[in-house]
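S.K.: These protein sequence lines map, in sequence, to chains A and B.
The first sequence lines up with residues 36 to 177 when you count with my numbering.
The second sequence lines up with residues 36 to 177 when you count with my numbering.
Built from N, CA and C at the ideal position, the CB exists for glycine as well.
Quick one: structure below, then a few questions.
There are 2 protein chains.
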Amino acid sequence: MTTPAKPRSHPTLEGQLLRLGARIRDHVAATSAEFDLTPQQAFALRALNKPASMQTLAKVMRCDASNVTGIVDRLEERGYIERQVDPQDRRVRRLAVTDTGRAARKRLEARLTERFPGTAALSAMERERLEAALTRLLETMA
Amino acid sequence: MTTPAKPRSHPTLEGQLLRLGARIRDHVAATSAEFDLTPQQAFALRALNKPASMQTLAKVMRCDASNVTGIVDRLEERGYIERQVDPQDRRVRRLAVTDTGRAARKRLEARLTERFPGTAALSAMERERLEAALTRLLETMA
DNA sequence: CATCGATGGTTGACTACCTAAAGCATACTA
DNA sequence: TAGTATGCTTTAGGTAGTCAACCATCGATG
């Protein structure tokens, strides 16, 4: 075949961000797989840092509530989280991470940050600058 | 319900990058949807900037070749790309973007960059700094 | 040139996820 | 008490992910 066709790394800022996004996606997928989790399951487990309802979790995950049902089902089957009925409003399921879930969550979090590709190779100065720039960007993205 | 539980935006650099990744994912998904494309289809269309074989495309998309078959099928059904047999090696399918595909690809690319969330609000200086920092990061991630 | 191993691509089976629509239970309000 | 809204689940239909098996073609070797 001819030459490989990369997703066209434009020299533009946005092009870089899109490439970065793909890399991050890969990192998250690979790390989740280490824990036998899908990226969505990992995301949900991370998001349940504090207990939340299905609705809330759906909002955080930016997907439909009906979708969350299945993801939560699988996490529950593995014993990572529990569905509890909210006494205040019995329609609501309060999602709480179990002890095993908490342990997995912690290791997952560590893996995600410690093994993040590239960042370890940065100098203190470079990290600082990147962090500042990202803080600003995330601000404007809000 | 109690307070929403965000994916815990650690103040760490890696935490920021993970949050950014989620935002980028959303942007890509939303933009692809505007074109009635799934994110993967959009990714493939963008990647076919230059013609490529199934194998090559699979590598770029970091997924199995069997997976690419379906994605290419759907893009072909829409008339965005074409499968051509490579005369040098008749096992190989050369994937080429059609004229309509090229047009869609161009508009997609424009949408992805022009409407990238947040970047428009940055000052020239901020853009420059972010770009420099990202260039460095992408380098180390290689 | 006949065969054989390697390579490119597709297919099939299975799972996860995503949406939209319908359904069920519970809450709130008139 | 009736009526409406809300939280969650279910169903149906489609896309995408893996893995294993398969077919066609290539390239090398006897």
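Is it buried or exposed for B:Ser88, if we count other Cβ within 10 angstroms and need 16 for buried?
M.R.: Counting from 1 along the second sequence, the entry for residue 88 of chain B is found at position 53. Buried is the call here.
S.K.: What is the rounded straight-line gap between the Cα of A:Thr154 and the Cα of A:His62?
M.R.: Numbered from its first residue, the first sequence carries residue 154 of chain A at position 119. Numbered from its first residue, the first sequence carries residue 62 of chain A at position 27. Rounded to the nearest whole angstrom, the CA to CA distance from A:Thr154 to A:His62 is 12 Å.
S.K.: Rounded to whole angstroms, what's the CA-CA distance from B:Arg144 to A:Gly136? Just pull it up for me.
M.R.: Along the second sequence, one-based indexing puts residue 144 of chain B at 109. Along the first sequence, one-based indexing puts residue 136 of chain A at 101. As written in the sequence, residue 144 of chain B is Glu, which differs from the Arg given in the question. Each residue's alpha carbon lies about 40 Å from the other.
S.K.: Excluding sequence positions up to five away, which residues of its chain have a Cβ less than 6 Å from the Cβ of B:Pro118?
M.R.: Here residue 118 of chain B corresponds to residue number 83 of the second sequence, with the count starting at 1. Going by the sequence as given, residue 118 of chain B is Arg instead of Pro. If we look at B:Arg118 and ignore the five residues flanking it on each side, its Cβ neighbours are Arg128.
S.K.: Comparing alpha-carbon positions, which option in A:Glu161, A:Arg171 and A:Ala79 lies nearest B:Glu174?
M.R.: For this step, residue 174 of chain B is matched to residue 139 along the second sequence. Closest by alpha carbon: A:Glu161.
S.K.: Specify, as a first and last residue, the run of the alpha helix (DSSP H) that B:Ala167 falls within.
M.R.: Along the second sequence, one-based indexing puts residue 167 of chain B at 132. Taken as a continuous stretch (DSSP letters only), the alpha helix (DSSP H) holding B:Ala167 covers Ala159 to Met176.
S.K.: B:Ala168 and A:Ala156: beta carbons closer than 9 Å?
M.R.: Within the second sequence, numbered from 1, the residue matching residue 168 of chain B stands at position 133. Within the first sequence, numbered from 1, the residue matching residue 156 of chain A stands at position 121. It is not a contact, given that the beta carbons lie outside the stated cut-off.
S.K.: Flag B:Gly56 as yes if its beta-carbon sits less than 9 Å from any beta-carbon of chain A, otherwise no.
M.R.: Looking up residue 56 of chain B in the second sequence gives position 21. Chain A, which has a Cβ nearer than 9 Å to the Cβ of B:Gly56, makes this yes.
S.K.: Runs of 3 residues minimum, wholly inside the region 48–131 of chain A: which ones carry the beta strand (DSSP E) assignment?
M.R.: For the region 48–131 of chain A, whole beta strand (DSSP E) runs of length 3 or above, ordered along the chain, are 116–120.
S.K.: I'd like the list of long-range same chain contacts for B:Ile106, defined as Cβ closer than 7 Å, with 5 residues on each side in sequence excluded.
M.R.: On the second sequence, residue 106 of chain B is found 71 positions in, with the first residue counted as 1. These residues qualify, in order along the chain: Gln75, Gln76 and Ala79.
S.K.: In the region 59–80 of chain B, which residues sit with their C-beta less than 9 Å from some C-beta in chain A, listed in chain order?
M.R.: Ile59, Arg60, Asp61, His62, Val63, Ala64 and Phe78
S.K.: Roughly how many whole angstroms lie between the Cα atoms of A:Thr133 and A:Pro86?
M.R.: The residue you call residue 133 of chain A lines up with position 98 of the first sequence. The residue you call residue 86 of chain A lines up with position 51 of the first sequence. Rounded to whole angstroms, A:Thr133 to A:Pro86 spans 11 Å at the Cα level.
S.K.: Could you check what DSSP says for B:Arg150 in three-state terms: helix, strand or coil?
M.R.: Looking up residue 150 of chain B in the second sequence gives position 115. Note: B:Arg150 maps to coil in three-state DSSP.
S.K.: Between the region 82–102 of chain A and chain B, which residues of the former have CB atoms less than 8 Å from a CB of the latter, in chain order?
M.R.: Ala82, Leu83, Asn84, Lys85, Pro86, Ala87, Ser88, Gln90, Thr91, Leu92, Lys94, Val95 and Arg97
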